[in-house]
Structures are given as C-alpha cells and as structure tokens.
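Residue numbers (our numbering), protein chains in the order written: chain A, 25 to 337; chain B, 2 to 165.
Note that beta-carbon positions come from the ideal geometry of N, C-alpha and C, so glycine has one too.
To start, the structure under review is shown below, and the notes come after it.
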C-alpha cells in the first residue's frame, strides 16, 4: 500500500504565534496592495470605477456591508494627482494633519452620505510625502506605525482612569481624560487582529500599557507598548491601492513587518461604524469553544450582545 | 440698583448656562445619573414578581400603591455583570415616554446640580443605536458622571423590540 503523503495544508492554528502573525502580515500584503508607490492614477471616472468594481465583486460580502458603488464625484479628488478640478491641485500638496478625508469630501461632492463611500484616502495619504517619520507601536505582536504628523500624543494606560460606557462593543474601552476632554479609548487589538486571534487575547489589564492618541486627540488607541520612531521612504511602503475594507490600513512595510495606519480614515471608521458591524457580528457569533472567553469578558465588562450570548449558555 | 443688576446678570447666566438637577446612582464602580424631573421616587429593594416571557433585562413587576410597575435590571440593560442585591440596592421609579418604570440599581447617592457647560456630550463611537442612551458625561472632582437619557433608554434596542 503506497502511502501518499501530501503536504499538509498550512493551517494558521497550528503555527507558532509569531509565524501566525507573519501569515497575517502576508495576507495584508496580498490584500489590495500594489508594489512601490500607489499608481499615478489619471483620476478619470471610468478608471476609478474600473478599479473599484472588481474589488467589490471578489471581496467578502460580510466585511463590507456599507460599501456603495463608486461615486464618480468622490473618486476625482485624489490628493497627490491632478484631478479634473484644477483648483484642488493647489490644495493637495499641503500636509494637513486634520481630516483630509472630510475636507476633500466637502470639496468634491454634495452627497451627504459619506459612510462607506470610497474617499480620497484610497489614494496615497497626504502625510505620505517623500520621507516621513512614523511611531511604531505594538498590538499583541502586530507592529503598527502611525505617522508623526497625525500623532497627537501618547499616554500611559491606566484602567482606573478609563470610564467604561455601557452598551457598546467590547473594543470600546471607555472614556479617558486627555487634554481636558473625554476621549474614547479603543482596544486596538480587537479591531485590527483577525477574528481567531481576538478570541485568544489576554485581559486588557494584562496587555495594555500605552494609549496612542490620533486625530487631534479625539481617539485613543490602546496598545501593548510604544516602540521607536523610524523614518520611512514613500517608496519603501507597499501602499494599498484600494481600501474598501480595512480602511484604517494605509500600507505595509516589509522591512519592519509593520502596518501603517491612516489615522483620519481610522477615526472616520470609528465614528461612523463603517466595518465595525462586521467585527461585532464576528464577536456575537462565536464558535462553541469560545464560551470561556465570553464568560471571562462577561465578568469584566461585557456588551449587551455578549450578555445575551453568555446568558444562553 | 445693584441688586437689580446682579439679578439680571444671574438671569442671563441662567439662560445661557442653565442648571439641571440629576439623581446619581451607582452601578459597579461607575456613577450614572438621570434627570431629576424624570424621577418619581426611590424605593428600597422589595420583592419583584417575575413575568414569564418578558425581555431578559426585565426583572418583573412590583405593586406600587396599587399600581403595577415594571422593574428592569439596569445592570443587564447596560451590559454589566450581574450582582446580588444588598442593603444599598434601590429601585428608582422613573417616568419617561409616558411609562413608569423601576430601575434596579446598586445604590442611589445624591442629587447634583450640573450646568449645561459642565456636560460633555458623549462622542459617537461606532454606529451602535443601542448605546445612544448615554446623553453625555460630566467631570466632578475625580469622578466622571455618566448622564443617561431615559427617553432613549426606553426607546432603543431590546426594550423597543419588546414593545413592538
């Protein structure tokens, strides 16, 4: 009897923890990236639609419930390229730390519904000009980079300084005072890590040490630790060409194995709930072996949906 | 003359920055508060008769001087872990949206005056309609008061489902 030993399929659950993260990073790299800089799109409506539509067909339908067909008026305002409106080009080169997506949306369209529409952030972010500096921070093994021009500050995580808000998802840790105002603090790992890794996370108190504030200090991203500041060349980053999902992810850097976040897009996502429904749905429909995790979260601070899940056990 | 001027100033200040009164209560380690105008009375914990088939956050009903009042488990409604009743447990009888409801809370603390300028509107986080019943927050000393909008609490989420 001939034993054929086909090579076992690579299952992420059998991998070492770091290897698993490597797989995740590779998945990020495969996902909607283009080598080198983002293509200098001619910003014609047809080209933009052609670029977006195939993405809509092949991507996971659950992950992007709010993605609407590309609005021609929106896709015409990529900052780094010359759009159809010459007046926009004079504005584009300026590095604007506050909400470029909102500004461009106002310039570009009168449509009130911005949620889920592709915005100018689908092109190269405004802060990504030439050589730019980023702060690296770690979220349970995954290294994220935030551009310094979009960084508002870093503060020590302290559970007793965060007031939980009832009725929210578990990735919303609560409000923390920062610069005289109450700022929502996000458990970054619960948003950016793949679903199967989110289930194995230790308690927030065991892994969170710092809070990285972005978007003019309006949001705090809790993380494990803050690492060093590095300078990146624009060409060293694999920028994502389209961001119909994981809008917070601007690109990846292979050398540092880090993912660069786009703070304005992240802030917009957090405020509007784009993509967050998918995360909540994944958390609300756990596999059977998740009971202990749910029970643990239930004891600490559970959402309404988690309560329902736990109570049914 | 001076008094008249001061009174006018006070009136103008009150108009620009009105003061509202809020009843504070405790759940876990956090202090919440509801507008005093919506609070009818505060009761000590009394036996609550369960109602089969009610939403899970409804503890049951009590007889309040001949009137039947539904009592909700505020902890469960807020997504907090359950706890046993203590001597400090209270049922806050509130009236909102033409309904009289009892809210079981860990304890009731005090009535506080809050100026409008002291209330910070809670930022929107995500698109969770169920969480819109948090009107805002107010910093008092070292603690943060969480202001609950009872009208929305009784109009969104599972409560609304239960009514419909």
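In angstroms with no decimal places, state the Cα-to-Cα distance between residue 272 of chain A and residue 150 of chain B.
-> In the first chain, the residue the question calls residue 272 of chain A occupies position 248. In the second chain, the residue the question calls residue 150 of chain B occupies position 149. Answer to the nearest angstrom: the Cα atoms are 32 Å apart.
Quick one, are the C-beta atoms of residue 175 of chain A and residue 236 of chain A less than 8 Å apart?
-> Your numbering for residue 175 of chain A matches position 151 in the first chain. Your numbering for residue 236 of chain A matches position 212 in the first chain. Taking 8 Å as the cut-off, the Cβ atoms of residue 175 of chain A and residue 236 of chain A count as close.
Do we get a CB-CB distance below 8 Å when we pair residue 134 of chain B with the residues of chain A?
-> By 1-based counting over the second chain, the position of residue 134 of chain B is 133. By this cut-off, residue 134 of chain B is an interface position.
Taking the alpha-carbon positions, what's the residue 260 of chain A to residue 152 of chain A distance?
-> Reading the first chain from its first residue, position 236 is the one you call residue 260 of chain A. Reading the first chain from its first residue, position 128 is the one you call residue 152 of chain A. Distance between the alpha carbons of residue 260 of chain A and residue 152 of chain A: 11 Å.
Where does residue 125 of chain A sit, in a helix, a strand or coil, going by DSSP?
-> As a working mapping, residue 125 of chain A is identified with position 101 in the first chain. Its pLDDT being 38, under 50, residue 125 of chain A is placed unreliably by the model, and the measurement read from it follows with that caveat. Of the three classes helix, strand and coil, the one that applies to residue 125 of chain A here is helix, per DSSP.
Three-state secondary structure assigned by DSSP to residue 259 of chain A = As a first step, residue 259 of chain A must be located in the first chain, where it is residue number 235. Correct three-state label for residue 259 of chain A: helix.
Cutoff 7 Å; reference residue 183 of chain A; Cβ partners in own chain excluding five residues on either side = To locate residue 183 of chain A, count along the first chain from 1; it is residue 159. Answer for residue 183 of chain A: 229, listed in chain order.
In chain order, what residues of the same chain have a beta carbon less than 7 Å from the beta carbon of residue 162 of chain A, not counting five sequence neighbours either side?
-> Working through the first chain from its first residue, we reach residue 162 of chain A at position 138. Contacts found: 247, 248, 249, 251.
Residue range of the unbroken beta strand (DSSP E) whose run includes residue 274 of chain A | As a position in the first chain, residue 274 of chain A is number 250, starting the count at 1. Start and end: 273-277.
Between the CA atoms of residue 87 of chain B and residue 1 of chain B - distance to the nearest angstrom | The first residue shown for chain B is 2 and the last is 165, placing residue 1 of chain B beyond what the model contains.
Within the same chain, show all residues whose beta-carbon is closer than 8 Å to that of residue 231 of chain A, passing over the 5 residues directly before and after it, in chain order.
-> Locating residue 231 of chain A in the first chain gives position 207, where the first residue counts as 1. Here the set comprises 164, 213, 225, 248.
Proximity test, Cβ basis, 8 Å: residue 167 of chain A and chain B = Taking the first residue of the first chain as 1, we reach residue 167 of chain A at position 143. Answer no: the Cβ-Cβ gap between residue 167 of chain A and chain B never drops below 8 Å.
Proximal residues to residue 121 of chain B (C-beta, below 7 Å), its chain only, five neighbours per side dropped | Taking the first residue of the second chain as 1, we reach residue 121 of chain B at position 120. Here residue 121 of chain B has 137, 138, 139 as same chain residues with Cβ atoms under 7 Å from its own Cβ, once five neighbours each way along the sequence are excluded.
Closest by CA to residue 45 of chain B, which one among B:155, B:126, B:90?
-> The sequence position of residue 45 of chain B within the second chain is 44, counting from 1. For residue 45 of chain B, the nearest C-alpha among the options comes from B:90.
List the residues that DSSP assigns as beta-bridge partners of residue 146 of chain B.
-> Here residue 146 of chain B is taken as the residue at index 145 of the second chain, counted from 1. Looking at the DSSP assignment, residue 146 of chain B forms a beta bridge with B:32, B:139.
Check whether residue 54 of chain B and residue 72 of chain B have beta carbons under 8 Å apart = Taking the second chain and counting its residues from 1, one reaches residue 54 of chain B at position 53. Taking the second chain and counting its residues from 1, one reaches residue 72 of chain B at position 71. Against a cut-off of 8 Å, the Cβ pair of residue 72 of chain B and residue 54 of chain B comes out as no contact.
Within-8 Å CB hit, residue 205 of chain A to chain B = In the first chain, residue 205 of chain A corresponds to position 181, counting from 1. It does: the Cβ of residue 205 of chain A has a partner Cβ on chain B nearer than 8 Å.
Identify the contact partners of residue 79 of chain B in chain A, using a Cβ-Cβ distance below 7 Å as the criterion.
-> On the second chain, position 78 is the one that residue 79 of chain B refers to. Simply 190, 191.
Give me the Cβ distance between residue 219 of chain A and residue 287 of chain A, rounded to the nearest whole Å; I'm assuming they're in contact under 8 Å.
-> Counting from 1 along the first chain, the entry for residue 219 of chain A is found at position 195. Counting from 1 along the first chain, the entry for residue 287 of chain A is found at position 263. Incorrect: roughly 24 Å between the Cβ atoms, too far for contact.
Positions along the segment 274-298 of chain A whose CB lies within less than 7 Å of some CB in chain B = 294, 295, 296, 297
Taking Cβ-Cβ distances shorter than 9 Å, what residues in chain A pair up with residue 60 of chain B?
-> Your numbering for residue 60 of chain B matches position 59 in the second chain. Under the 9 Å cutoff, chain A gives no residues; its nearest Cβ is about 14 Å from residue 60 of chain B.
Between residue 202 of chain A and chain B, is there a C-beta pair that is closer than 8 Å?
-> Here residue 202 of chain A is taken as the residue at index 178 of the first chain, counted from 1. Output row for residue 202 of chain A: interface = no.
Alpha carbon to alpha carbon, how far is residue 58 of chain B from residue 47 of chain A?
-> For the purposes of this step, residue 58 of chain B is taken as residue 57 along the second chain, with counting starting at 1. For the purposes of this step, residue 47 of chain A is taken as residue 23 along the first chain, with counting starting at 1. If I take the Cα positions, the gap works out to 42 Å.
Is it right to say residue 118 of chain B is buried, meaning 16 or more other beta carbons lie within 10 angstroms of its own, or is it exposed?
-> Working through the second chain from its first residue, we reach residue 118 of chain B at position 117. It is exposed - the Cβ of residue 118 of chain B has fewer than 16 other Cβ atoms within 10 Å.
Answer yes or no: does any C-beta atom of chain B fall closer than 8 Å to that of residue 228 of chain A?
-> Working through the first chain from its first residue, we reach residue 228 of chain A at position 204. Interface criterion not met: the Cβ of residue 228 of chain A is under 8 Å from no Cβ in chain B.
Could you tell me which of B:24, B:41, B:82 sits nearest to residue 103 of chain B, measuring between CA atoms?
-> For this step, residue 103 of chain B is matched to residue 102 along the second chain. Residue B:41 is the option with its Cα nearest to residue 103 of chain B.
Cα-Cα, which of A:263, A:293, A:234 is closest to residue 159 of chain A?
-> Numbered from 1 along the first chain, position 135 holds the residue referred to as residue 159 of chain A. Comparing Cα positions, the closest option is A:234.
For residue 290 of chain A, which residues from the same chain have a beta carbon less than 6 Å from its beta carbon, with the 5 sequence-adjacent residues on both sides left out?
-> Locating residue 290 of chain A in the first chain gives position 266, where the first residue counts as 1. Take residue 290 of chain A, set aside five residues on each side of it, and the residues of its chain with a beta-carbon closer than 6 Å to its own are 272, in chain order.
Determine the extent of the beta strand (DSSP E) in which residue 211 of chain A is found, giving its start and end residues.
-> To locate residue 211 of chain A, count along the first chain from 1; it is residue 187. First-last of the beta strand (DSSP E) with residue 211 of chain A: 205-211.
Measuring CB to CB, does residue 157 of chain A end up less than 8 Å from residue 255 of chain A?
-> Residue 157 of chain A sits at position 133 when you count from the first residue of the first chain. Residue 255 of chain A sits at position 231 when you count from the first residue of the first chain. Cβ atoms of residue 157 of chain A and residue 255 of chain A: closer than 8 Å.
Could you please give the first and the last residue of the uninterrupted beta strand (DSSP E) stretch that includes residue 166 of chain A?
-> If you number the first chain from 1, residue 166 of chain A lands on position 142. Segment 166-171, the beta strand (DSSP E) holding residue 166 of chain A.
Quick one: using the 10 Å Cβ neighbour count with 16 as the cut-off for buried, is residue 189 of chain A buried or exposed?
-> As a working note, residue 189 of chain A is residue 165 in the first chain. Answer is buried; the Cβ neighbour count reaches 16.
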